[in-house]
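Structure first, commentary second.
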Amino acid sequence: MTDPTPALVAAIDLDVPGPIISRHLYGQFAEHLGRCIYEGFWVGEDSDVPHVGGIRADVVEALRELDVPNLRWPGGCFADEYHWQDGIGPREQRPRMVNTHWGDVEENNHFGTHEFMALCELLGAEPYVSSNVGSGSVQEMSEWVEYLTRTGDSPMARLRREHGRDEPWTVRFWGIGNEPWGCGGNLRAPQFASLARQYATYARDHGDNQLYRVAAGAADDDYAWTETLMKELTTGLGDRSPRALFQAVSFHYYTMSGGWSAKGSATSFTDAEYWTTMRRALHVRELLAGHAAVMDAYDPTKQVGLALDEWGTWWDVEPGTNPGFLFQQNALRDALVASVHLDAFHDHADRLRLANIAQTVNVLQAMVLTDGDRLVRTPTFHVFAMSRGHQDAVALPVRVVERATRVVDDVEIGTVSASASTKDGHVLVSVTHLDPTAGATVRIDLRGRPVSAPVATVLTATSAQDHNTVDHPDAVVPLPFDAVRLTGSMLELDLPPASFVTVDLTLG
Ligand code: AHR
Numbered sequence: 013m014t015d016p017t018p019a020l021v022a023a024i025d026l027d028v029p030g031p032i033i034s035r036h037l038y039g040q041f042a043e044h045l046g047r048c049i050y051e052g053f054w055v056g057e058d059s060d061v062p063h064v065g066g067i068r069a070d071v072v073e074a075l076r077e078l079d080v081p082n083l084r085w086p087g088g089c090f091a092d093e094y095h096w097q098d099g100i101g102p103r104e105q106r107p108r109m110v111n112t113h114w115g116d117v118e119e120n121n122h123f124g125t126h127e128f129m130a131l132c133e134l135l136g137a138e139p140y141v142s143s144n145v146g147s148g149s150v151q152e153m154s155e156w157v158e159y160l161t162r163t164g165d166s167p168m169a170r171l172r173r174e175h176g177r178d179e180p181w182t183v184r185f186w187g188i189g190n191e192p193w194g195c196g197g198n199l200r201a202p203q204f205a206s207l208a209r210q211y212a213t214y215a216r217d218h219g220d221n222q223l224y225r226v227a228a229g230a231a232d233d234d235y236a237w238t239e240t241l242m243k244e245l246t247t248g249l250g251d252r253s254p255r256a257l258f259q260a261v262s263f264h265y266y267t268m269s270g271g272w273s274a275k276g277s278a279t280s281f282t283d284a285e286y287w288t289t290m291r292r293a294l295h296v297r298e299l300l301a302g303h304a305a306v307m308d309a310y311d312p313t314k315q316v317g318l319a320l321d322e323w324g325t326w327w328d329v330e331p332g333t334n335p336g337f338l339f340q341q342n343a344l345r346d347a348l349v350a351s352v353h354l355d356a357f358h359d360h361a362d363r364l365r366l367a368n369i370a371q372t373v374n375v376l377q378a379m380v381l382t383d384g385d386r387l388v389r390t391p392t393f394h395v396f397a398m399s400r401g402h403q404d405a406v407a408l409p410v411r412v413v414e415r416a417t418r419v420v421d422d423v424e425i426g427t428v429s430a431s432a433s434t435k436d437g438h439v440l441v442s443v444t445h446l447d448p449t450a451g452a453t454v455r456i457d458l459r460g461r462p463v464s465a466p467v468a469t470v471l472t473a474t475s476a477q478d479h480n481t482v483d484h485p486d487a488v489v490p491l492p493f494d495a496v497r498l499t500g501s502m503l504e505l506d507l508p509p510a511s512f513v514t515v516d517l518t519l520g
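In terms of the numbering used here, the sequence shown opens at residue 13 and continues consecutively.
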């Protein structure tokens, strides 16, 4: 039953544009972890699974539906043990190593720099390379930049040509370190800041290739870490801009219903665990505002970007799978966690310039899961597909007049989340309804410019635990939605329980 009292009454001023929502807020992340790279992206040139030069064709085909803007690689924690020169040259001759972070398994380095760049080209995504500060050297990192991006003659450009690539690639996004307070070296913030300044100096712009250097940042609400980075990396640069050394600082935030030792199951959870998950997902708003406020103090004109380059749900691994492989299912609940994050990203688009959900295939909150030669699109995949119209669109802030709320773990949260943007003569409105037990009415006044022809799509299921499997790939899929009315400027929706709805309208 839909409660006739609106769960959300709001207004959107179509003639008052907000900032551009960078498409890079829809970035993905591929780490050498479990079955993300091997089996997920890479099956090798001798595989029976259909592939393009060793890269899985079905995964590429699915991800192309998402307009993936950038792909972060090779980690994560793995990045701080990765030595890029081990991953070039004839595959059978590449040195092997132990992936100590993830399952203690042997890494054969068959997927390296050239394979990653080929994958980005197939996806139409920009590469985001995360470099090794924890156990690498400044020289090693500097040479990687040269290998990838240098035109003309130089030792690394020659080495690249010897390995079959004449022209340099374009690589903009360059991560300096990863979680340096933990797996990236157990460093203190001032210690990492000094190292980061040094590494950034030697991460050179070659020719026209301008790097966008991202300093590895805080966990969750460690605003002190962001403060130290901002102070050490963006001030004291003489008459140079705050973004002279670094163009962004990052932070990471994961959502779970329990704690790190028992995170909760992906598909079997109580109502209380469901609501705790949603409270924690919505908490990302506070974190974005908190880190942005610290940055404002050092960089009031917002020249340095904030990057949330790891986010998403983290559950206990699926029973019977390797605990070090972080393989989890993905239910309707995960989809709603994703959609409320995306609303928060749109609202913070003035400072947030980059975000990467963890991770793309077979690990954590994945877009697709593979099983042998079969592939399934997750509910989270569908949220990204339904939301891709927000990429590079102009944000339209949603002004909330009234909203239904609920107290979860002593914190009051809104049970409906919404965001909107405009691009190419269209307006796209996203609405998430969190309550899994009842429908809800939403009323949004789209004022300031005329709109017409609403076309709506819904993602929902009979339970928030529902998920897709290779045998039932369509348990949670987007469907046309007709419980939508546009009367003058008033958009009214009757939302099903636990649902994500997008409405595309034509301007004029
Ligand atoms: O995404 C999995 C891991 O989570 C990453 O390797 C690390 O950066 C984070 O702790």
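Glycine included, each C-beta is placed from N, C-alpha and C at the ideal position.
Which residues does DSSP list as the beta-bridge partners of residue i?
i	result
Q40	L83
S253	Its beta-bridge partners do not exist; DSSP assigns none.
E244	Partner(s): none; E244 has no beta bridge.
S431	S442
R225	W186
W327	W327 is not bridged to any residue.
N144	According to DSSP, which records beta bridges pairwise, N144 is partnered with nothing at all.
I425	R418
S511	H445
W114	None, per the DSSP bridge assignment.
Within the present structure, is the beta-carbon of residue i separated from the nearest heavy atom of the ligand AHR by less than 7 angstroms?
i	result
G336	no
H175	no
E43	yes
E322	yes
L381	no
C89	yes
E191	yes
H353	no
C195	yes
L223	no
A227	no
How far does the beta strand (DSSP E) with residue i in it reach, from first residue to last?
i	result
L440	438-445
V117	117-119
Y266	260-267
P466	463-471
P526	In the structure as shown, the chain starts at 13 and stops at 520, and residue 526 therefore has no counterpart that could be examined.
L338	Counting along the chain, L338 falls outside any beta strand (DSSP E), and DSSP gives it neither H nor E.
To the nearest angstrom, how far is it from the Cα of residue i to the Cα of residue j?
i	j	result
T125	P86	9 angstroms
A91	H122	15 angstroms
V489	N82	24 angstroms
L199	V428	40 angstroms
D25	T434	11 angstroms
P29	M268	34 angstroms
P318	Q222	Note that residue 318 is Leu in the sequence shown here, rather than Pro. When rounded, the distance between both Cα atoms is 18 angstroms.
T313	Q371	32 angstroms
W114	L348	28 angstroms
A227	A260	6 angstroms
V9	P492	A question about residue 9 goes unanswered here, because the residues of the chain that appear run from 13 up to 520.
L344	P391	6 angstroms
G189	P462	48 angstroms
G451	H445	8 angstroms
G12	E244	Missing from the structure shown is residue 12; the chain here goes from 13 to 520 and no further.
W272	S464	48 angstroms
F204	Y235	15 angstroms
G194	D27	46 angstroms
Within the continuous alpha helix (DSSP H) that includes residue i, where are the two ends?
i	result
E414	Taken as a continuous stretch (DSSP letters only), E414 belongs to no alpha helix (DSSP H), being part of the beta strand (DSSP E) at 410-415.
E127	125-135
A350	344-359
V306	296-310
L160	150-161
F204	201-214
A397	391-398
L171	167-174
A405	Element bounds for A405: n/a, residue is neither H nor E.
L523	Here the chain has residues from 13 to 520 only, and residue 523 is not among them.
Please state if the CB of residue j and the CB of residue i are separated by a distance shorter than 8 angstroms.
i	j	result
H358	H402	yes
L378	N342	Per the sequence shown, residue 378 should be read as Ala rather than Leu. Going by C-beta atoms, A378 is nearer than 8 angstroms to N342.
P31	D422	no
A510	P409	no
V373	C48	yes
R365	H36	yes
P466	L387	no
R106	D116	no
T506	A495	Reading off the sequence shown, one finds Asp at residue 506, where the question assumed Thr. Closer than 8 angstroms, so yes.
V150	Y211	yes
V375	G46	yes
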